[in-house]
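Each number in our numbering corresponds to the 1-based position in the sequence shown with 3 added.
The beta carbon of each residue, even a glycine, is placed where N, CA and C say it ideally should be.
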Amino acid sequence: MPLESKAVAATAVAPEPVKLEYYKAPFGRRLFALIFDILCMGAVSLGFFSGARAIVENSPTYVSAFNTYVKISTDSGLYFYNETTKDNLVTILEYYSDTTTYPYAKQNELDETAFTAFYQNSAFFDQSDAASGIALYNAQKIGETRIGVGSGLSYFLYDDSHTKLVANPSYSDETMHAFYQSAFDKAVQYLNNADGYIEATKTLSTTINFIIIPCSVALSVILFEFLVPLIFFRRGWKTFGMALLKLGLLNGCAVSPGFKTFLIRFLWMFFIEVILSMVSFGIPLIISFSLWVFRKDGQAFHDYMAGTYMVDCSEQSIYRSKGERDALLKKAEAMEARTDLIFEEDHKPQKDLDSQDKK
């Protein structure tokens, strides 16, 4: 039986223009991408911090300040030198904390000796001033400024001669130890005001808090927010988190931003939202986060300043340039305009043809 042919009329129809549709990055995916990037930056920051600290700790200025800090601390009698600790120091409270070796009675005796020596040390107190030195320590034991006055506690009393302060006999050794724990905190406050100690601790804290930590964070931000998109994901300038969650950046022309635009975006983020936030309690970051949460287009501060948009690219590719976009769209429109396509319904399946031949 001959195969029946079916005429198909091809009518030229003007194709509809191919539309590009991009949607705002979904809040949940954008948030998870941000969290992922922050975790990556945090891990790398720790590595940068360890490396930078190892370098800085060998600098002459840091070594001198650290040695001064340790020497004054141990000279006070409030600390013992211990190389196994982070700052080579251990407090007398911690040093004597083993109640098996040092029962509370022994701990209290050793603490009393250390505190008395500290307040009688002319390196820390003016011994010619009757209101200074040991007088400050005695004021913590008895009177209206004593430790425990707010709770109605009297850890010390005068002896029968009314000339010497003794531990309250009605208190246990463990209860009395609470006095020395509070007395240690007060002694450290006086130590913090000692000559040389202030300069040493200031140098150490400034080096760590204002040099090492900011530099570590800054380097990790540069790595993940600038170098990663620049090297691996220039189409949409994606971070690892954005690539994982299928998000990308567009400019106002619905194509991937150029390098100049991306650089401007990064600089706004880096200097305003990262660096400035370090000295302003994170206020710029809070403002930027609020913008991308509440703005209809989801622009964060740096996106607003650079004219970029973070979009969902899970179903729509991002074009590198207008030229690439126009060329691909023209090709798609040409395919839509073709009339010589062969559809499956224009002929019967091969199985049906074989059965007809047998007949």
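{"Asked": "Under the rule that 16 or more other beta-carbon atoms within 10 Å means buried, what is Phe30, buried or exposed?", "Found": "exposed"}
{"Asked": "Going by DSSP, name the residue or residues bridged to Gly251.", "Found": "Val314"}
{"Asked": "Determine, using beta-carbon pairs with one atom in the segment 209-228 and one in the segment 46-65, whether at least three such pairs fall under 8 Å.", "Found": "yes"}
{"Asked": "Take Pro217 as the anchor and find which of Gly155, Leu252, Leu288 and Met281 has the nearest alpha-carbon.", "Found": "Met281"}
{"Asked": "Inspect the beta-carbon positions of Asn75 and Gly251 and report whether they are closer than 8 Å.", "Found": "Note that residue 75 is Ile in the sequence shown, not Asn. Not in contact: Ile75 and Gly251 (Cβ atoms no closer than 8 Å)."}
{"Asked": "Pick out whichever of Tyr25, Cys43 and Arg56 has its Cα sitting closest to the Cα of Thr209.", "Found": "Arg56"}
{"Asked": "Tell me which same chain residues have a C-beta within less than 6 Å of the C-beta of Ile41, skipping the five on either side of it?", "Found": "none"}
{"Asked": "From Trp295 to His305, what does the alpha carbon distance come to, in whole angstroms?", "Found": "10 Å"}
{"Asked": "By alpha-carbon positions, which one of Asn141, Tyr140, Ala181 and Lys167 ends up nearest to Ser154?", "Found": "Ala181"}
{"Asked": "Could you tell me if Thr242 is buried or exposed, where buried requires 16 or more neighbouring beta carbons within 10 angstroms of its beta carbon?", "Found": "buried"}
{"Asked": "Kindly provide the ranges of any alpha helix (DSSP H) runs that are 4 or more residues long and lie completely inside the segment 256-335, ordered along the chain.", "Found": "262-270, 286-297 and 304-309"}
{"Asked": "Do the CB positions of Ala117 and Ala203 come within less than 8 Å of each other?", "Found": "no"}
{"Asked": "Evaluate the contact criterion for the segment 259-269 versus the segment 226-241: three or more CB pairs, one atom per stretch, below 8 Å.", "Found": "yes"}
{"Asked": "Using the three-state DSSP reduction, which class does Tyr174 fall into: helix, strand or coil?", "Found": "coil"}
{"Asked": "With a threshold of 16 other CB atoms inside 10 Å of the CB of Gly146, please say whether the residue is buried or exposed.", "Found": "exposed"}
{"Asked": "Do three or more CB pairs link the segment 82-94 to the segment 115-129 at distances below 8 Å?", "Found": "no"}
{"Asked": "Should Cys256 go down as buried or exposed, given a rule of 16 or more other Cβ atoms within 10 Å for buried?", "Found": "exposed"}
{"Asked": "Could you check what DSSP says for Phe236 in three-state terms: helix, strand or coil?", "Found": "coil"}
{"Asked": "The alpha helix (DSSP H) spanning Leu156 covers which residue range?", "Found": "That residue, Leu156, is in no alpha helix (DSSP H); it is neither H nor E in DSSP."}
{"Asked": "Relative to the alpha-carbon of Lys325, which residue among Thr166, Leu81 and Ser259 has its alpha-carbon at the smallest distance?", "Found": "Ser259"}
{"Asked": "Going by the beta-carbon positions, is the gap between Tyr99 and Leu81 smaller than 8 Å?", "Found": "no"}
{"Asked": "Shortest alpha-carbon distance to Leu378 belongs to which of Ile214, Tyr72, Gly54 and Gln192?", "Found": "A query on residue 378 cannot be resolved here, the shown segment of the chain reaching from 4 to 362 and no further."}
{"Asked": "Beta-carbon within less than 7 Å of Val169's beta-carbon, same chain only, minus the 5 sequence neighbours each way: which residues are those?", "Found": "Phe159, Leu160 and Asp162"}
{"Asked": "Are the CB atoms of Asp315 and Ala28 nearer to each other than 8 Å?", "Found": "yes"}
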